[in-house]
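Here the structure is laid out as structure tokens; the discussion comes afterwards.
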Amino acid sequence: MKYLFNLSLIFYLLSYLLPFVGRLSGYELEFQMWDSILADDIPEADLAMIWSIRWMVTIFLLVMYWLRVPEIHTWVSLYTDKKLLNASLLLLLAFLVMYPFVFEHLNWQWGGLVWAALAIFTGISHIITEPPFKKPEVFHSLEQHLVELHED
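Pasting the structure below:
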């Protein structure tokens with residue numbers, strides 16, 4: 007259970023190798039888009055939208071991974087509503103994943119469906135396996151380093 011999120015993130019990244027949409031697999035879509043970007047061409051609008059949403063979801067999942075760093079996890083747990091943050095992140099992730107399936111009428115292949123399922127499963131596994139909050143024994147506030155200014 008400890009490594010469920012890391013394992014699901016690895017499987018999510020491996021889903022880029024599967025057939026994704028139309029005639030393209032995930033990595034072929036990446037190569038085509040980066041080739042268009044580097045050549046200053048205008049890519050197909052549908053493929054560009056799917057490509058950008060896939061990148062947003064990937065960055066979103068990497069932010070979730072970043073939130074598991076102990077120092078950041080402690081700071082976020084102390085100064086934010088962690089349950090609201092997790093629910094908001096999962097809701098936004100689900101919206102980003104479902105958007106191309108609902109609003110884009112493309113020939114989806116099974117790799118696209120696996121990509122969507124793995125993205126949502128990775129978000130859920132982040133919430134399920136979130137490390138417990140441990141209050142720091144010695145907590146140094148930033149206010150300790152402030153120097154009072156005296157006016158003459």
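Number 86 in this note's numbering belongs to position 80 of the sequence shown; there are no gaps in the numbering. Each residue gets a CB set at the ideal place from its N, CA and C atoms; glycine is no exception.
Quick one: using the 10 Å Cβ neighbour count with 16 as the cut-off for buried, is residue i buried or exposed?
i    : result
S14  : buried
L44  : exposed
T86  : exposed
W116 : exposed
F101 : exposed
M7   : exposed
W81  : exposed
V108 : exposed
P106 : buried
L35  : buried
Under DSSP, the beta strand (DSSP E) around residue i begins and ends at which residues?
i   : result
P25 : P25 to V27
Indicate the three-state DSSP secondary structure (helix, strand or coil) for residue i in the structure shown.
i   : result
L30 : strand
I48 : coil
M7  : coil
Would you mind giving the Cβ-Cβ distance between residue i and residue j, rounded to the nearest angstrom? I have them listed as a contact below 8 Å.
i    : j   : result
A122 : Y18 : About 10 Å; that fails the 8 Å criterion.
I159 : L97 : Lying before the first or after the last residue shown, residue 159 is absent from the chain, which here runs from 7 to 158.
Looking at the secondary structure, which residues open and close the alpha helix (DSSP H) in which residue i lies?
i    : result
R74  : Unbroken run through R74: none, as it is neither H nor E.
K89  : K88 to F109
W121 : W116 to I134
Y18  : L10 to L20
Judging by CA-CA distance, which residue of the options is the nearest neighbour of residue i?
i    : options                   : result
I59  : E110, Q115 and H156       : E110
L11  : L155, Y105 and L67        : Rather than Leu, the amino acid found at residue 11 in this sequence is Phe. For the residues L155, Y105 and L67, the minimum Cα distance to F11 belongs to L67.
V103 : I65, P25 and I16          : I65
M62  : L23, L99 and I48          : L99
L112 : W40, I48, A54 and S42     : A54
M70  : K88, A51 and Y22          : K88
S94  : D52, H132, K140 and S21   : H132
D41  : R29, V120, V27 and W57    : W57
K141 : L155, V120, I78 and Q38   : I78
E136 : L23, V75, R29 and L20     : V75
V27  : W114, P138, F127 and V120 : W114
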